[in-house]
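Note that our numbering numbers the sequence shown so that position 190 is 174, with each residue one more than the last.
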Amino acid sequence: MEKLSPLEEFNRPKKNAQPCVMVIFGATGDLNARKLMPALYNLEQDGELPVHFACVGFARRPKTNEQFRTEMFEKVKEFSRTKPINEQVWDQFSNQLFYHQSEFHEDEGYERLKKLLHDLDAKFDTQGNRVYYLSTQPSYFSIIIQKLSEHGLISPYHENADQHFTRVIIEKPFGHDLASAEALQEDVTKYLDENQIYRIDHYLGKETVQNLMTLRFSNPIFESLWNNHHIDQVQISVSEEQGIGTRGAFWEEAGMLRDIVQNHMMQLLSIVAMEPPNSLDANAIRNEKVKVMQSVRPLPKTHLDKSVVRGQYDTGFIEGFEVPAYRSEPNVSPTSNVETYVAMELHIDNWRWAGVPFYLRAGKRLPKRITEIAIVFKQVPNYLFSNNNEFPNTLVIRIQPNEGISLKMNCKVPGMTHLQPVKMDFRYGSYFGGTPPEAYERLICDCLSGDNTLFARYDELLASWKLLTPVLKHWEENPPEAFPNYHSGTWGPKAADAILHREGRKWRLL
Ligand SMILES: NC(=O)c1ccc[n+]([C@@H]2O[C@H](COP(=O)([O-])OP(=O)(O)OC[C@H]3O[C@@H](n4cnc5c(N)ncnc54)[C@H](OP(=O)(O)O)[C@@H]3O)[C@@H](O)[C@H]2O)c1
């Protein structure tokens, strides 16, 4: 086979998944049904699961293997990326699928698990290798890892891949503020090496996010302009039409800053702003990302409300239908102060980005579902064309939906003298065809192959919590005066516009 370049190697889904048993804690939950099982089925279909593989679902409700398989089949039919389901592939996969009923803190349950895993090793030749997927409420992360260790179910970390391995995928959120993230890290590193911990952030599994590095580091036309000499501002937007739906209880504990900004948006920011790594090795990339996070200027304590704006949706209309206010959603307090919208201005204090504001906004019940990164370039001196300054060149990396990249530039209107912006538009779907693999497919496959490049390292997370915990504290101490402060179906609170207006800028129309 032709030798791949490092970039091609990085972008290639890892196909050297190693033999193992994967245990999913929380297997009767929503995430497993909607994302993990469909991802495993699609990996099986694409021939990317190891030949020697078995999967065990661990949860509290009693069920037989057969019941679990039937329920999972229904979920895969509903949520799989590829349809219709190939029953032959499912049969093959479901023969390797088992259910284990136990409480997370019950010693006897782990002893039974040990026996089951031992039997599966013998049956499927999975060689004592384990991947544990913690798809549970975060309050269970520590106890599960502790119990696994106490029952001899965690092998020590070895650089040498020939030894047994234990890898643990931890769902988000990793902590709910700085102190709890530090406490959780202390708990899990009693039993695991950092290299065994795979903190999942599914944004990193998305094709467009990975393509961001390819775009930057393989195209000199972009990278040579990627600095404060040419870029005026960067806007990162995560806009959702949906409200919080049935996740009221979860959302009341989380809010937008914790659920989206602290993890996904900070990851996007660090990939946009990082320096080129010296190789595409996991740690080389993560070293550069963490430097960005550590260079973000702490938010100003004295006038925090000018740099960070929070909002909560009121009633309004989405696609012509009236929708309720956040405070009227199920399992939400009628006096809740939890935010469903955040906008902020950040600065990165390094040579590349000095003076370039990064504007972040994330909101629920906005008019459209769009996640994008917009790089807005500086303009030329404005004396040749009368309306030149209205239309800055803008490179937009669209993460969802319609993944792609577009470049807005100015063009002369035929026959006229004035300018008009036109768009060069690349869309993954129309260019490459098919549907790209789901983020969870790529990430599970990478973990089975021992590649943690697309998982968040602890120091990245720590830097992010250090930046944002003062905001949480400030909000706790100063309840919002006017919640709800934006109607569903609008672009968020007015105060969010003011962040940019002060600097003579405005949010992009999405
Ligand atoms: N759902 C999503 O869209 C989503 C998206 C991103 C991240 N996440 C994260 O993924 C994780 C799981 O979320 P989820 O929505 O799937 O949660 P969920 O629907 O509430 O499922 C929780 C699971 O944990 C099991 N469980 C709870 N307490 C247990 C105990 N004491 N002993 C044994 N099993 C117990 C439940 O089993 P029984 O039902 O049998 O009691 C169930 O299988 C969370 O960390 C969440 O933040 C979820």
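Where is the CB? At the ideal position from N, CA and C, for every residue including glycine. Since we're looking at a predicted model, the values are computed, not measured.
Could you say if the stretch 259 to 268 and the stretch 416 to 429 meet the contact criterion of at least three C-beta pairs nearer than 8 angstroms? no
Buried versus exposed, by CB contacts within 10 Å (16 or more), S123: The sequence position of residue 123 within the sequence shown is 139, counting from 1. When all chains shown are included, S123 counts as exposed.
To the nearest angstrom, how far is the alpha carbon of E487 from that of Y141? As a position in the sequence shown, residue 487 is number 503, starting the count at 1. As a position in the sequence shown, residue 141 is number 157, starting the count at 1. C-alpha separation (whole angstroms): 51 angstroms.
What I want to know is whether the C-beta of F82 ends up closer than 7 angstroms to one or more non-hydrogen atoms of ligand 1. As a working note, residue 82 is residue 98 in the sequence shown. Incorrect: F82 has no Cβ contact closer than 7 angstroms to ligand 1.
Mind checking which residues open and close the beta strand (DSSP E) that includes D265? In the sequence shown, the residue the question calls residue 265 occupies position 281. Element bounds for D265: n/a, residue is neither H nor E.
Identified DSSP bridge partners for L27: As a first step, residue 27 is located in the sequence shown; it is residue number 43 there, counting from the start. Paired residue(s): none; L27 is not in a bridge.
Rounded to a whole number of angstroms, what is the C-alpha to C-alpha distance between G418 and S390? Position 434 of the sequence shown holds residue 418. Position 406 of the sequence shown holds residue 390. Their Cα atoms are separated by approximately 20 angstroms.
Integer-rounded CB distance, given that S472 should sit under 8 angstroms from M230: Within the sequence shown, residue 230 is the residue found at index 246, counting from 1. Within the sequence shown, residue 472 is the residue found at index 488, counting from 1. It should be noted that the sequence gives Thr, not Met, for residue 230. Going by Cβ atoms, the distance from T230 to S472 rounds to 17 angstroms, so no, they are not a contact pair.
When DSSP builds the beta bridges, which residues end up paired with P341? Stepping through the sequence shown from its first residue, residue 341 is reached at position 357. DSSP output for P341 lists H331 as bridge partner(s).
Does the Cβ of S317 have 16 or more other Cβ atoms within 10 Å, making it buried, or fewer, making it exposed? Counted from its first residue, the sequence shown places residue 317 at position 333. Exposed, since its Cβ has fewer than 16 Cβ neighbours within 10 Å.
Cα separation between Q85 and K190? Stepping through the sequence shown from its first residue, residue 85 is reached at position 101. Stepping through the sequence shown from its first residue, residue 190 is reached at position 206. C-alpha separation (whole angstroms): 33 angstroms.
Put T453 into one of helix, strand or coil per three-state DSSP. If you number the sequence shown from 1, residue 453 lands on position 469. If DSSP states are grouped into helix, strand and coil, T453 belongs with the helices.
Specify the secondary structure class of F234 as computed by DSSP and reduced to three states. Numbered from 1 along the sequence shown, position 250 holds the residue referred to as residue 234. If DSSP states are grouped into helix, strand and coil, F234 belongs with the helices.
What number of angstroms, rounded off, separates the C-alpha of P284 from the C-alpha of K396? Translated into the one-based positions of the sequence shown, residue 284 becomes position 300. Translated into the one-based positions of the sequence shown, residue 396 becomes position 412. Rounded to whole angstroms, P284 to K396 spans 43 angstroms at the Cα level.
Does any heavy atom of ligand 1 sit closer than 7 angstroms to the C-beta of P420? By 1-based counting over the sequence shown, the position of residue 420 is 436. No, the Cβ of P420 stays beyond 7 angstroms of every heavy atom of ligand 1.
Closest by C-alpha distance to R382, when choosing among M393, Q296, P405, E356: Looking up residue 382 in the sequence shown gives position 398. Nearest option by C-alpha distance: E356.
How many angstroms separate the CA atom of G159 from the CA atom of E237? Position 175 of the sequence shown, counted from the first residue, corresponds to residue 159. Position 253 of the sequence shown, counted from the first residue, corresponds to residue 237. Rounded to whole angstroms, G159 to E237 spans 12 angstroms at the Cα level.
With ligand 1 as the reference, list in chain order each residue whose Cβ lies under 5 angstroms from any of its heavy atoms. G10, T12, G13, D14, L15, A43, R44, R45, E87, F88, S119, T120, E155
Inter-residue Cα distance where the pair is Y343 and M328: Position 359 of the sequence shown, counting from 1, holds the residue named residue 343. Position 344 of the sequence shown, counting from 1, holds the residue named residue 328. Looking at the two C-alpha atoms, the distance is approximately 6 angstroms.
For the candidate residues Q169, L199, F9, H458, whose alpha-carbon lies nearest to that of G41? For the purposes of this step, residue 41 is taken as residue 57 along the sequence shown, with counting starting at 1. Ranking the options by Cα distance to G41, first place goes to F9.
Return the Cβ separation of A257 and W337 in integer angstroms, given the expectation that the two are a contact with Cβ distance under 8 angstroms. On the sequence shown, residue 257 is found 273 positions in, with the first residue counted as 1. On the sequence shown, residue 337 is found 353 positions in, with the first residue counted as 1. About 6 angstroms; that satisfies the 8 angstroms criterion.
Taking the CB atoms as reference points, tell me whether H148 and E95 lie closer together than 8 angstroms. As a position in the sequence shown, residue 148 is number 164, starting the count at 1. As a position in the sequence shown, residue 95 is number 111, starting the count at 1. Contact: no.
Could you check how far apart the C-beta atoms of C39 and Q80 are, in whole angstroms? I think they sit under 8 angstroms. Taking the first residue of the sequence shown as 1, we reach residue 39 at position 55. Taking the first residue of the sequence shown as 1, we reach residue 80 at position 96. Their Cβ separation, rounded to whole angstroms, is 6 angstroms, which keeps C39 and Q80 in contact under 8 angstroms.
G295 and T324 - do their beta-carbons sit closer together than 8 angstroms? For the purposes of this step, residue 324 is taken as residue 340 along the sequence shown, with counting starting at 1. For the purposes of this step, residue 295 is taken as residue 311 along the sequence shown, with counting starting at 1. Yes, the Cβ-Cβ distance between T324 and G295 is below 8 angstroms.
Taking the beta strand (DSSP E) that H496 belongs to, which residues open and close that run? Residue 496 cannot be examined here, being either before or after the span of the chain that is shown, -15 to 494.
In chain order, which alpha helix (DSSP H) runs of at least 4 residues are fully inside the stretch 25 to 92? 49 to 63, 71 to 78
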